[in-house]
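Undergrad:
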Amino acid sequence: MGSLTLTTRTEGNAVILTASGDVDLSGSPLLRQELKKHAGKKIVVDLSAVPYMDSSGLATLVEAMQTSRKGGGQLFLCALGDRVRSIFSIAKLESVFKIVPSVEAALAG
0 MGSLTLTTRT EGNAVILTAS GDVDLSGSPL LRQELKKHAG KKIVVDLSAV PYMDSSGLAT
60 LVEAMQTSRK GGGQLFLCAL GDRVRSIFSI AKLESVFKIV PSVEAALAG
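Just so you know, we're using numbering that gives the first Met the number 0 here: the sequence shown kicks off at 0 and counts up by one.
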């Protein structure tokens with residue numbers, strides 16, 4: 000898929016960030032910047048269109064989760080594909096993040 004693009008919308012009290020493309024060394028800075036803008040809020044990251052994520056993408060999400068918690072916010076990850084989910088499993092982070100099947104499930108949580 001290639002380079003990362005992000006779209007952001009607000010729904011109720013949540014910011015929904017939809018990522019499309021690879022979350023890798025070249026795309027992680029863009030994701031980090033966007034997540035920092037919304038620190039302390041309820042953030043839902045839709046990863047349904049992300050075919051690949053490397054360790055820099057994972058590190059970006061760990062940092063965002065820590066920042067969010069310190070600021071009283073929440074970070075949800077949703078719609079992870081098998082390849083991306085396996086990275087969280089290998090890193091033993093599935094139970095650390097709030098991973099849900101859909102944006103709707105995150106908004107309800």
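In this text, a Cβ means the ideal position worked out from N, Cα and C, and glycines have one as well.
Considering only C-alpha positions, which residue in the set Ser67, Asp23 and Glu103 is nearest to Thr4?
TA: Nearest Cα to Thr4 within the set Ser67, Asp23 and Glu103: Asp23.
Undergrad: Just to confirm my understanding: we take Leu34, look at its own chain, exclude 5 residues before and 5 after, and list those with CB closer than 6 Å. What are they?
TA: Excluding residues up to 5 positions away in sequence, Ala63 lie with their Cβ nearer than 6 Å to the Cβ of Leu34 in the same chain.
Undergrad: Note down, in chain order, each residue of its chain lying with its Cβ closer than 6 Å to the Cβ of Arg31, except the 5 sequence neighbours on either side.
TA: Only residues of its own chain outside the window of five on either side were considered, and among them Thr59 have a CB closer than 6 Å to the CB of Arg31, listed in chain order.
Undergrad: Please name the residue in Ser54, Leu16 and Lys36 whose C-alpha comes closest to that of Cys77.
TA: Checked all of Ser54, Leu16 and Lys36; the closest Cα to Cys77 is Leu16.
Undergrad: Just to confirm, is the Cβ distance from Val49 to Gly20 under 8 Å?
TA: Yes; because the gap between Cβ atoms is below 8 Å, this pair is in contact.
Undergrad: To which residues does DSSP link Ala18 through a beta bridge?
TA: Leu5
Undergrad: What residues in its chain sit with their C-beta under 8 Å from that of Ala13, if we drop five residues either side in the sequence?
TA: Lys40, Lys41, Ile42, Val43, Ala105 and Leu106
Undergrad: With Val99 as the anchor, note down where its beta strand (DSSP E) starts and where it stops.
TA: Where Val99 is concerned, the enclosing beta strand (DSSP E) stretches over Lys97 to Val99.
Undergrad: How is the alpha helix (DSSP H) around Ala107 delimited, first residue to last?
TA: Counting along the chain, the alpha helix (DSSP H) containing Ala107 begins and ends at Val102 to Ala107.
Undergrad: According to DSSP, what are the bridge partners of Gln65?
TA: DSSP, once it has assigned bridges, lists no residue as partnering Gln65.
Undergrad: Report all residues from its chain with a CB closer than 8 Å to the CB of Lys97; omit the five preceding and five following residues, and keep chain order.
TA: Taken in chain order, the residues that qualify are Gln73, Leu74, Phe75, Leu76, Ala105 and Gly108.
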